[in-house]
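Note that the sequence shown covers residues 1 to 672 in UniProt numbering.
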Amino acid sequence: ERVFGYTMKSLSVLFKPKSSPAKIHLPADRRASPDESHFISLIHACKDTVSLRRVHAQILRRGVLSSRVAAQLVSCSGLLQSPDYCLSIFRNFEEKNLFVFNVLIRGLTENARSASSVRHFILMLRLGVRPDRLTFPFVLKSNSKLGFRWLGRALHAATLKNFVDCDSFVRVSLVDMYAKTRQLNYAFQVFDESPDRIKKESTLLSNVLIKGYCRAKDMQMATKLFRSMPERNSGSWSTLIKGYADCSQLNRAKQLFELMPEKHVVTWTTLINGFSQNGYYETAISTYFEMLEKGLKPNEYTVAAALSACSKSGALGSGIRIHAYILDNGIRLDRAIGTALIDMYAKCGEVDCAGTVFSNMNHKDILSWTAMIQGWAVHGCFHQAIQCFRQMMYSGEKPDEVVFLAVLTACLNSGEVDLGLNFFDSMRLDYAIEPTLKHYVLVVDLLGRAGKLNEAHKFVDNMPINPDFTTWAALYRASKAHRSNRRTEIVSQNLLELDPELRGSYIFLDKTHLANGKYQDVEERRVPYQKTGKERSLGWSYIELDCQLNKFAAGDCTHKQTQEIRLKLEEIISLATEIGYIPGADWSIHDIEEEEKEHVTGVHSEKLALTLGILRTAPGTTIRIIKNLRICGDCHSLMKYVSKISQRGILLRDARQFHHFKDGSCSCGDYW
């Protein structure tokens, strides 16, 4: 194996310590001169690289660039996230000693220049500079990100040869490196062989190993280590709670949380995140407000976690309460909280409020810009999305692949085909960003929506990436929407060949054959499907009423108003049928009687949520529904009729976009 041009054998020679430590040009007992002290204080006062460069220029003019000053310059440029400037200072400084190497390796590591960090460590060895206890933790951290297993073992050997392996900081870094490179047997060995002094003094050593086992989903070993700890801190509890949450063992996570002797904000945040990531949004939100009731003050990560649960479930009322808390308590609208608020308002249907929050943010990063552009895009606000993209460019922020996904979504939802294709080409030509499969799917959708089926099919055939199920599904939807039965059947065959066990493929074929009256072909398809077909994802919908979330699954009978909802739904369907609605017409199944067909399509989760909304709101209000899957044609049709007869606006967010139903029509133009 080779890494950075070196073999294991050549590296082992480099890692051998010299007979005596390398000469350090800066004596340990030397005091800084008045000029040095003055310039070091100026370096520490720099808030940006512009001011740092000015100080650097004065240092060069006065000839006071000593090792101490150079080390401070490199350290400060690293803290200011300017790794290239770090390297420039280092390369132009002749007296390369341990102190300068240490701050450089640290700066490169902290700025995600892992490969460069390891290269300079090797350069350090070649120049005869002996590493110390402050060198290895950052080199080990860099190797954790690079994932070179044998290099990690070589670094471990170097810590032994340089007599720093028993330093607690180095020991923790070794365990962390082995855990992150999926060598838990070595991680445990380092932990097990650690002196008892280190185990007793540093809970961090145990925490890092527990985290490694949690990451590997080995909760049995993680729990065993946790119980064996002589002392536990909040990090120990939070790590194990997060491990259980990541394994979807939320009951165990909650039980462990309740056993904590003292609950800190970090642990509350971990629990809130755990509930949210596993789809228990209402529990995550209620846990956040429970924390406030107990008098604990949330940090920015807690607020962002709670807002994330609100955005995923459409809990606008709860989101507004959290925003009010932020304003009342003077919490700074930093990038994390600001971006979370933008995302929450946009996903809850209040994109103008998201725009207001965005305008009030003093410091915006790529995540903030992306959230705002995506917010405008999913609401079909094309001009605002493109204007926001241009403002981002003027600000000096460079777009990434996620920004282009948002821009292409804006073009898709507004039918701007030519502009969308220009943006797609611009990714590679102007920004050297290679499009991913998601970008290709959006372009297929864009061409298909415009009725350019030949161009869309050719685009799929010429893709440098193998098209997946979503790519062919996008072409299928376009073919079906434009009533191209022959192309629809061809695409369906591709779907079936791609994944014969996927139920969706059979459903697509059934719809195609049924549209042409080929009932016998459908029956032939269903025989293998019954043996190999996989279940589709379960659909659910949320609706928030009086700041309380109500969740419905398909065919749900668990809501306390179930009987009332069912009776009201029958009434709604009856009224809609009188003015033209045909229940289940888009998804007819020939071998089920009409009344059974209505029953099957009538219990989709969004219909139940809609019915509850009509029961609990007055005419003139807007009903907001969040659905995890793409809305079906039958439910979409019913929503249009209901918006007309109920005198209510309906705002539904599905897996793809927002649907604004009003007076019998939808903002999507019946294409989604």
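All C-beta atoms, glycine included, are put in the ideal place defined by N, C-alpha and C.
Computed from a predicted structure; not experimentally measured.
Next item on the list: Pick helix, strand or coil for F148, following the three-state DSSP scheme.
Entry: F148: coil per DSSP, three-state reduction.
Note to self: Whole angstroms are fine: how far does the CA of I105 sit from the CA of S88?
What the structure shows: 14 angstroms
Notebook entry, point to check: What is the rounded straight-line gap between the Cα of I24 and the Cα of E95?
Noted result: Note that I24 scores 38 on pLDDT, short of 50, meaning its location in the model is unreliable and no value can be drawn from it.
Margin query: Between the region 633-643 and the region 574-584, can you find at least three pairs of beta-carbon atoms closer than 8 angstroms?
Written below: yes
Next item on the list: Under 7 angstroms Cβ to Cβ from H56, same chain only, skipping five residues before and after it: list those, please.
Entry: L73
Next item on the list: Please report how far the alpha carbon of W376 lies from the alpha carbon of A406, in whole angstroms.
Entry: About 9 angstroms.
Notebook entry, point to check: By the 10 Å Cβ neighbour count, where 16 or more other Cβ atoms means buried, how is K180 classified, buried or exposed?
Noted result: Taking all protein chains shown into account, K180 has 16 or more neighbouring C-beta atoms within 10 Å of its C-beta and is therefore buried.
Notebook entry, point to check: Per DSSP, which one or two residues make a beta bridge with R653?
Noted result: I626 and F658
Item checked: For N413, the nearest candidate out of H120, H659 and I465 (CA to CA) -> H659
Next item on the list: Taking M392 and W369 to be in contact with their CB atoms under 8 angstroms, please state how far apart those CB atoms are, rounded to whole angstroms.
Entry: 4 angstroms
Check: So, helix, strand or coil for C666, using DSSP?
Finding: strand
Next item on the list: Per DSSP, which residues does Y542 bridge with? Please list them.
Entry: Within the DSSP secondary-structure output, Y542 pairs in a beta bridge with K551 and I626.
Note to self: If I measure Cβ to Cβ from R526 and keep anything under 6 angstroms in the same chain, skipping five residues before and after, which residues do I get?
What the structure shows: At R526 the pLDDT is 45, less than 50, meaning the model places this residue with poor confidence; the figure from the coordinates comes in the next sentence. Closer than 6 angstroms at the Cβ level, and outside the excluded window around R526, lies no residue.
Checklist line | Top-ranked residue by Cα proximity to Y280, from N550, Y581, G584 and A618 | finding: N550
Next item on the list: Can you check the region 397-429 for any alpha helix (DSSP H) of at least 4 residues that lies completely inside it and give the ranges in chain order?
Entry: 401-414
Checklist line | Span separating the alpha-carbon of V266 from that of I320 | finding: 23 angstroms
Note to self: Could you check whether the region 152-163 touches the region 131-141, counting it as contact only if at least three pairs of C-beta atoms, one from each stretch, sit closer than 8 angstroms?
What the structure shows: Contact holds: three or more Cβ-Cβ distances are below 8 angstroms.
Notebook entry, point to check: Roughly how many angstroms separate the alpha carbons of D468 and P435, rounded to a whole number?
Noted result: 15 angstroms
Next item on the list: Please state whether DSSP places F93 in a helix, a strand or coil.
Entry: The answer is coil: DSSP assigns F93 none of H, G, I, E or B.
Next item on the list: For my contact list, F188 and L204 are in at a C-beta cut-off of 8 angstroms; report their separation, rounded to the angstrom.
Entry: Their Cβ separation, rounded to whole angstroms, is 16 angstroms, which puts F188 and L204 out of contact at 8 angstroms.
Note to self: Just to confirm the assignment, what range does the alpha helix (DSSP H) spanning R227 have?
What the structure shows: M219 to S228
Next item on the list: Identify the continuous alpha helix (DSSP H) that holds C76 and give its terminal residues.
Entry: S67 to L79
Notebook entry, point to check: Can you tell me where the alpha helix (DSSP H) with W472 in it begins and where it stops?
Noted result: F469 to A481
Notebook entry, point to check: Considering only residues of the same chain and omitting the five flanking positions on each side of N360, which have a CB-CB separation below 7 angstroms?
Noted result: Closer than 7 angstroms at the Cβ level, and outside the excluded window around N360, lie L333.
Next item on the list: Alpha carbon to alpha carbon, how far is A284 from F275? Give it in angstroms, no decimals.
Entry: 5 angstroms
Notebook entry, point to check: For H264, which three-state DSSP category applies?
Noted result: coil
Notebook entry, point to check: Taking three-plus beta-carbon pairs below 8 angstroms as touching, is the region 446-457 in contact with the region 426-435?
Noted result: no
Margin query: Please report the distance separating the alpha-carbon of L155 from that of P195.
Written below: 20 angstroms
Next item on the list: Going by CA-CA distance only, name the one from E401, N111, N251 and A609 that's closest to W540.
Entry: A609
Notebook entry, point to check: If you run the structure through DSSP and keep just helix, strand and coil, what is Q561?
Noted result: coil
Next item on the list: List the endpoints of the continuous alpha helix (DSSP H) containing A450.
Entry: First-last for A450: undefined, no H or E at that position.
Checklist line | DSSP state of T203 mapped onto helix, strand, coil | finding: helix
Check: So, helix, strand or coil for K242, using DSSP?
Finding: helix
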